[in-house]
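**Student:** Here it is: the structure, laid out below.
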Amino acid sequence: MCDFLCAGSPFLFVNTSGRYGGQRAQLLLPPLKENDTHCVGFRFYQAGGLFVLLAENNNPLGVPVFNSSGPAYHTWKDVELAVSTFWPNYYQAVSTGQRGLMAIKDITLQGHQCMSTPHFLHIKGVEVNAGQTATFQCTVNGKPQSNLLLYLQGMGGRQAVVRETKPVNSRRYVASFDVENTTKGDSGRYRCIVQSERGVGVSSYADLTVKQPPVPIAPPQLTAVGATYLWIQLNANSINGDGPIIEREVEYRTMSGMLIDTTPVDKPTHKIGHLDPDTEYEISVLLTRPLEGGTGNPGPPLRARTKCADPMHGPRRLEVVDIQSKQVTVRWEPFGYNVTRCHSYNLTVQYRYRPAGGPIRRCQVHSGKDTGHTVRNLPPFTNVSLRLVLSNPEGSKESEELLVLTDEDVPGAVPVDSILGSSYEQQISLSWREPLQTYGLIRQYEISYKALSSFDTEFDLSNQSGKVIKPANETSHVFTGLYPGSTYSFTIRASTIKGFGPPVITQFTTKISAPLMPAYDQESPLNQTDSTVTVLLKPAQSRGAPVSKYQVVVEEERPRRQRRGTAEILRCYPVPIHFQNASLLNSQYYFSAELPMSELRTPVPFCVGDNRTYNGYWNAPLLPHKSYGIYYQAVSTANGVRAATRKPEPEQEKPSDHTVTIAGAIAGILLFIIIFLGVVLLMKKRHTMTSETSSLVQSHYKQRESEREAIPYQTGQLHPAIRVADLLQHITQMKCAEGYGFKEEYEVRTTNNTQAGNNDHSRVRLQSQDGESGSDYINANYIDVSPMQETVYDFWRMVWQENTAAIVMVTNLVEVGRVKCCKYWPDDTEIYGDMKVTLIETQLLSEYVIRTFAVEKRGVAEIREIRQFHFTGWPDHGVPLHATGLLGFIRRVKAKTPPTAGPTVVHCSAGAGRTGCFIVIDIMLDMAEREGVVDIYNCVRELRARRVNMVQTEEQYVFIHDAILEACLCGDTAIPANQLRSVYYEMNRLDPQTNSSQIKEEFRTLNMVTPTLRVEDCSIALLPRNHEKNRCMDVLPPDRCLPFLITIDGESSNYINAALMDSYKQPSAFIVTQHPLPNTVKDFWRLVLDYHCTSIVMLNDLCPQYWPENGLHRLGSLQVEFVSADLEEDVISRIFRIYNTARPQDGYRMVQQFQFLGWPMYRDTPVSKRSFLKLVHQVDKWQEEYDGGEGRTVVHCLNGGGRSGVFCSISIVCEMLRQQRCVDVFHAVKTLRNNKPNMVDLLEQYKFCYEVALEYLNSA
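At position 1017 of the sequence shown (counting the first as 1) the number is 1017 in UniProt numbering, and the numbers step up by one without a gap.
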């Protein structure tokens, strides 16, 4: 074997026998790198297997390019290896073998192409997306030959056969290889291999890069939702897969899986439009990278639902299918999603009607999703307006209105209180009104009557019954032929075409008739002496009640009377008078005897003047030579029946004769039961009292501006009027023992009335409109209840009819969430019936509003100017905290009301409590001014007699006293602008006797009426945790006007030493506080931000500085940024920008600080009035320009007292001059001191306010 192998050139001999697996023998050739083309030739002898590999640049060997495995060759075999290298690559051939015998010899390396095996040109790398086919193209030298095997070999072992060959020219052709269904794992290095009969050709390596198409990690984000659109944010920055991303698409489909669309997107956000309302969509984002197949799978989906859209239209074809007396059935055209545009919707039946005698009722019922509905519980024979409302969360659409008249029904009962009966002896006149609920057209009335009982037991009542039918237009009937003294039951029913309604039963009793007396025909006496006359008394026949007794009456005839005939009219003797009392009472007659009925069953002679006593009556002897009339009367009694006699005027007799005229005449009078009598008396008493009160109140309004001398006010004896000089002492005594005096007086005065209503005699009667019955009534006694929606027209009719020029409103439209009064005035122009009301001007002030209207009436060539004075600071059932504002309000009403105008209309929510307070104060102020006394108790009493619940609570009653006391103590301190200079000069003039002046006395009065703060008033400021936040413990804000901090900043307190103060026009326009302490700087800026402050006024020297001079100052979550600064005369103005980083959505607020330099610490007042006035003007101008006057102003001095009060007072006075052309420094300072007693605490500061007002007038 060795001889055979060892002959010839050098060779490598390896015996692999006896070796275990995994060991190998390798032949490493030198690196091939000098030429582009190499041909390696060698011969090998194989008894085992030979593998030839090419290693590139020290990379792994990869897969063999030549494999000699197969049957053993017992001969030498020639092999050539065509290797193409390209700089900077280099290759190294590696031979290895399997178990067995192998030998290699004659290895040659040639720098040219192999003769039989073709070479490859440079192969290019390929990049594809996963799943796509990678095509490699290898350029081969030579021409295609059928005996050549071409394939693509990957370093990882994947191979691909040639797909096609295509000649390039006569010397070269291109072989194409496809790597199909590529995955990320197929990435790597690939080369082309060609096998010929003589050897193997190997190309250089090329890279196959398989990219994974990108897929978003997160779903898109929803940013906005509409009915037909969805705004999304793509959220496509984080992906799985490879980039770069060259295209983004949004794919959306319904939840049912139906693909709607795929839309390219070139922005981070995208609006998907043309969607269906109330539909859920699934939205995904598709990302695409370069090359074919670069679009990845859809990312995680976002599920979102569009909003509902307004319904397309309301329900259609609404029609009535059934009408009954109390229900109506309607139906409509069915509809679907294309109309509702929402899967969740409501269908509501709205209907309205006006029941008889009542306001319009509006109702609605939900009908589900049916196509028909029955509206029930309707009143019969009533016009009903129906409409359907289709609504969803986004809107509603209505159907056309359908008017339906419900069917008739049996009517309701005739109102019991409308049945009136007039009783006579043998007849009863009955009248009634038609039922309140007619439920149709009344056709007739049926009245049945029946006798129930009689006082006269001899009457047979069995035939006393019957029935009467009256037509609809007759509501009265006279029943005749009745028995006297009998009680009858009357049953009344009304009827429509549907039948009779329920009966109503009432009873009336005929009057008893006078007993029937036998005729006397001027009979002569049976006997006559100087002192007696004997007459024959005959029994009477009862009529309606049994005769109980007989009475003999003697009347002395006077000569002056003229004799009359026997047909003279009789009159009764209702009052029994004893003989002993006749002269005392100057009576012409006396009762001489009373005889029981049992003694007169037959005619009996009776001696008049027999000097005996009959049942307590002395039958005194007659005087001679006198002319007498002798009468006797029969008395019937039943339930208080009492006899009376009708007496004829007797004939004149000569004095010398003892002439007696005997006449018998009787009458029965049925007395009312005692309860009814009491009611009548009470009604008369109340009627009389109310009439007087009405006269008082009305004359007050009509005459208070009259030039003639006022009539003295009439006061009660138990509660006399109080002199103004004694008022303070009186109120102080009444408030002793926890106000026991007021409590006792109020409880005595209070009545049991619980609802506000009018007494009929004192109501306003409106002129009738178009024959409308009942249209003359409005609930007002020249003091109006707040108008309801249905009485707005009547309200304006009343205002016009009464020639009213002022309307006083002391309620708000809504209080504590409850509607207290409807808005009865327009914002522009409104027509109320035949009245046209136009709003001309609105003047907003801190405690009240003045609105001016032009009012016209159709057919009247006149335009009236009417003002409404609306006091906004009065709580229902309570009182204002202080009377100062209300007193100013009352004075303004008086000043603006012409003296020739009609009564002032005053109303609150119920026309009672607050209205009464206003009127009492108004009347008492006039009384105090004219008479020097006040009589609050009797004024309230008489007002309540006129209208119940006037002054509703004890608190209001006490407030009236306090208000009048303040008005009397303070007086009217307003000064017209044109008189200010002369008045102020006079106020400063020193009285040599008292060494005082008017302005000193005014300031002393101000100090006296300034309320003193109690410890409980400042409970929050006195909490231990808040002590360190107060600069002075004797200058504390009361709880009621504290501005609580809103911005949360850790565990800090919400307290700051500050107080809210009203300006002239705006409530809580000022916040007065102390200069910030080092530990309250943050709280100070929180206050500025929380309460939307736009100005800071600083009136003290720097101590310490609480603002940044430049840059940014951080205070927790608050940032205060310096913007700019300016110096003008005595004012440094700085602008800051404030921002809360915890609430970026609120944005920033601009605030300007005004540091006033013209008030040194050693001075009580500023140096210059002109510069201080300029400071006020600068602040006003900034407020108006920056925030439209709506922002607040923080005013601070060292302790938040005197200096701050001066600024606020002067600001109020200047605004007062602009609006009213008058000055009231006292009122301005008193208003501020009601909240903080130390405002303007020096006389010099008080004078300074007047002097700045003068400076204002000079500058103007």
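All C-beta atoms, glycine included, are put in the ideal place defined by N, C-alpha and C. Source: prediction; values computed, not measured.
Could you name each continuous beta strand (DSSP E) segment of 3 residues or more that falls completely within the segment 613 to 641, going from the start of the chain to the end?
**Tutor:** 628 to 636
**Student:** Helix, strand or coil for N338 per DSSP?
**Tutor:** Taking the sequence shown and counting its residues from 1, the one referred to as residue 338 is at position 338. Helix, per DSSP.
**Student:** Going by C-alpha to C-alpha distance, which of L526, T613, Q1152 sits closest to S1124?
**Tutor:** Start at 1 with the first residue of the sequence shown, and residue 1124 comes out as number 1124. The shortest Cα separation from S1124 among L526, T613, Q1152 belongs to Q1152.
**Student:** Give the range of the alpha helix (DSSP H) segment to which R1203 is assigned.
**Tutor:** Residue mapping note: residue 1203 aligns to position 1203 of the sequence shown, counting from 1. Residues 1202 to 1220.
**Student:** Quick check: the Cα distance between C1249 and V1206, rounded to an integer number of angstroms?
**Tutor:** Counting from one through the sequence shown, the residue named residue 1249 turns up at place 1249. Counting from one through the sequence shown, the residue named residue 1206 turns up at place 1206. Distance between the alpha carbons of C1249 and V1206: 7 Å.
**Student:** Given a threshold of 16 other Cβ atoms within 10 Å of its Cβ, counted over all protein chains shown, does D991 qualify as buried or as exposed?
**Tutor:** Residue mapping note: residue 991 aligns to position 991 of the sequence shown, counting from 1. Exposed.
**Student:** According to DSSP, is Q327 helix, strand or coil?
**Tutor:** Within the sequence shown, residue 327 is the residue found at index 327, counting from 1. Coil.
**Student:** Quick one: residues in its chain with C-beta nearer than 8 Å to the C-beta of P311, no 5 flanking neighbours on either side, listed in chain order?
**Tutor:** As a first step, residue 311 must be located in the sequence shown, where it is residue number 311. Closer than 8 Å at Cβ, skipping near neighbours: V339, T340, R341, C342, Y345, L390, S391, N392, G395, S396, K397.
**Student:** Kindly indicate which residue of L1089, N1057, L1099 has the alpha-carbon position closest to the one of T1080.
**Tutor:** Residue numbering aside, residue 1080 sits at position 1080 when the sequence shown is read from its first letter. Out of L1089, N1057, L1099, N1057 has the C-alpha closest to the C-alpha of T1080.
**Student:** Sorted by chain position, which residues of the same chain lie with C-beta nearer than 8 Å to Q364's C-beta, five sequence neighbours on each side aside?
**Tutor:** As a first step, residue 364 is located in the sequence shown; it is residue number 364 there, counting from the start. Only T348, V349, Q350, Y351, V389 meet the Cβ criterion.
**Student:** If you draw a straight line from the C-alpha of P525 to the C-alpha of A519, how long is it?
**Tutor:** What you label residue 525 is simply residue 525 of the sequence shown in a count that begins at 1. What you label residue 519 is simply residue 519 of the sequence shown in a count that begins at 1. So the alpha carbons of these two residues sit roughly 15 Å apart.
**Student:** For my contact list, K511 and Y424 are in at a C-beta cut-off of 8 Å; report their separation, rounded to the angstrom.
**Tutor:** The residue labelled residue 511 in the question sits at position 511 within the sequence shown. The residue labelled residue 424 in the question sits at position 424 within the sequence shown. Yes, K511 and Y424 are in contact; Cβ-Cβ is about 6 Å, under 8 Å.
**Student:** Note down, in chain order, each residue of its chain lying with its Cβ closer than 7 Å to the Cβ of L1254, except the 5 sequence neighbours on either side.
**Tutor:** In the sequence shown, counting from the first residue as 1, residue 1254 sits at position 1254. Once the five neighbours on either side are set aside, the close Cβ partners of L1254 are L980, R981, Y984.
**Student:** With a threshold of 16 other CB atoms inside 10 Å of the CB of N995, please say whether the residue is buried or exposed.
**Tutor:** Reading the sequence shown from its first residue, position 995 is the one you call residue 995. Label assigned to N995: exposed.
**Student:** Kindly give me the distance between the Cβ atoms of F51 and I107, rounded to whole angstroms, as I take these residues to be in contact under 8 Å.
**Tutor:** The residue given as residue 51 occupies position 51 in the sequence shown. The residue given as residue 107 occupies position 107 in the sequence shown. Not really, about 16 Å apart at Cβ, beyond 8 Å.
**Student:** Have a look at Q633, V504, P574, P471 and flag the residue whose alpha-carbon is nearest the alpha-carbon of S548.
**Tutor:** Along the sequence shown, one-based indexing puts residue 548 at 548. Among Q633, V504, P574, P471, the Cα nearest to that of S548 belongs to Q633.
**Student:** What residue does the alpha helix (DSSP H) around T838 start on, and which one ends it?
**Tutor:** Numbered from 1 along the sequence shown, position 838 holds the residue referred to as residue 838. No alpha helix (DSSP H) holds T838; the beta strand (DSSP E) holding it covers 835 to 844.
**Student:** Below 8 Å, how does it come out for the segment 216 to 236 and the segment 301 to 308: are there three or more Cβ pairs, yes or no?
**Tutor:** yes
**Student:** Grab the span of the alpha helix (DSSP H) containing I960 for me, first residue to last.
**Tutor:** Residue mapping note: residue 960 aligns to position 960 of the sequence shown, counting from 1. DSSP places I960 inside the alpha helix (DSSP H), whose first and last residues are 954 to 970.
**Student:** What alpha helix (DSSP H) runs, 4 residues minimum, are completely inside the UniProt domain "Fibronectin type-III" (216 to 309)?
**Tutor:** none
**Student:** Are the Cβ atoms of V855 and M835 separated by less than 8 Å?
**Tutor:** Numbered from 1 along the sequence shown, position 855 holds the residue referred to as residue 855. Numbered from 1 along the sequence shown, position 835 holds the residue referred to as residue 835. It is a contact, given that the beta carbons lie within the stated cut-off.
**Student:** Measuring alpha carbon to alpha carbon, tell me which residue in D278, I283, M255 is nearest G263.
**Tutor:** Working through the sequence shown from its first residue, we reach residue 263 at position 263. It is Thr, not Gly, that sits at residue 263 in the sequence shown. Residue I283 is the option with its Cα nearest to T263.
**Student:** Would you call S399 buried or exposed, if buried means 16 or more other Cβ atoms sit within 10 Å of its Cβ?
**Tutor:** Numbered from 1 along the sequence shown, position 399 holds the residue referred to as residue 399. It counts as buried.
**Student:** Which term fits T438, buried or exposed, when burial requires 16 or more other beta carbons within 10 angstroms of its beta carbon?
**Tutor:** The residue you call residue 438 lines up with position 438 of the sequence shown. With 16 or more Cβ atoms within 10 Å of its Cβ, T438 is classed as buried.
**Student:** Rounded to whole angstroms, what is the Cα-Cα separation between H38 and H119?
**Tutor:** For this step, residue 38 is matched to residue 38 along the sequence shown. For this step, residue 119 is matched to residue 119 along the sequence shown. If I take the Cα positions, the gap works out to 9 Å.
**Student:** Quick one: Cα of E84 to Cα of V140, how far?
**Tutor:** To locate residue 84, count along the sequence shown from 1; it is residue 84. To locate residue 140, count along the sequence shown from 1; it is residue 140. One detail in the question is off: residue 84 reads as Ser in this sequence, not Glu. Straight-line Cα distance between these residues: approximately 11 Å.
**Student:** So the alpha helix (DSSP H) D926 belongs to, where does it begin and stop?
**Tutor:** Taking the first residue of the sequence shown as position 1, residue 926 is located at position 926. Looking at the DSSP string, the run of the alpha helix (DSSP H) that includes D926 is 913 to 931.
**Student:** Within a Cβ cutoff of 7 Å, which residues of the same chain sit near S656, ignoring the five residues on either side of it in sequence?
**Tutor:** In the sequence shown, the residue the question calls residue 656 occupies position 656. Note on S656: pLDDT 32, under 50, position unreliable in the model; the coordinate value appears next. Excluding residues within five positions, the ones whose Cβ falls inside 7 Å are H625.
**Student:** Output needed for A218: all residues of its chain with C-beta closer than 8 Å, excluding positions within five of it in sequence on either side, in chain order.
**Tutor:** Taking the first residue of the sequence shown as position 1, residue 218 is located at position 218. Here the set comprises N235, S238, G299, P300.
**Student:** Pick helix, strand or coil for K397, following the three-state DSSP scheme.
**Tutor:** Counting from 1 along the sequence shown, the entry for residue 397 is found at position 397. K397 falls in the strand class under three-state DSSP.
**Student:** Helix or strand or just coil, what does DSSP make of C607?
**Tutor:** By 1-based counting over the sequence shown, the position of residue 607 is 607. Of the three classes helix, strand and coil, the one that applies to C607 here is strand, per DSSP.
**Student:** Output the boundary residues of the beta strand (DSSP E) element that contains residue 1262.
**Tutor:** The requested residue 1262 is not part of the displayed model; the chain covers only 1 to 1260.
**Student:** Flag this pair as yes or no: are the beta carbons of D1164 and E1244 separated by less than 8 Å?
**Tutor:** Your numbering for residue 1164 matches position 1164 in the sequence shown. Your numbering for residue 1244 matches position 1244 in the sequence shown. It is a contact, given that the beta carbons lie within the stated cut-off.
**Student:** Leaving out five residues on either side along the sequence, give the residues of the same chain with a beta carbon under 6 Å from the beta carbon of S486.
**Tutor:** Residue 486 sits at position 486 when you count from the first residue of the sequence shown. Closer than 6 Å at the Cβ level, and outside the excluded window around S486, lie A451, S454, T510.
**Student:** Which whole-angstrom value describes the C-beta separation of T1047 and L1089, a residue pair presumed to lie in contact below a C-beta threshold of 8 Å?
**Tutor:** Counted from its first residue, the sequence shown places residue 1047 at position 1047. Counted from its first residue, the sequence shown places residue 1089 at position 1089. That belief holds up - the Cβ atoms of T1047 and L1089 are roughly 6 Å apart, short of 8 Å.
**Student:** Tell me, please, whether the segment 612 to 619 touches the segment 591 to 598 by the rule of three or more beta-carbon pairs shorter than 8 Å.
**Tutor:** Inter-segment contact for the segment 612 to 619 and the segment 591 to 598 is present: three or more beta-carbon pairs are separated by less than 8 Å.
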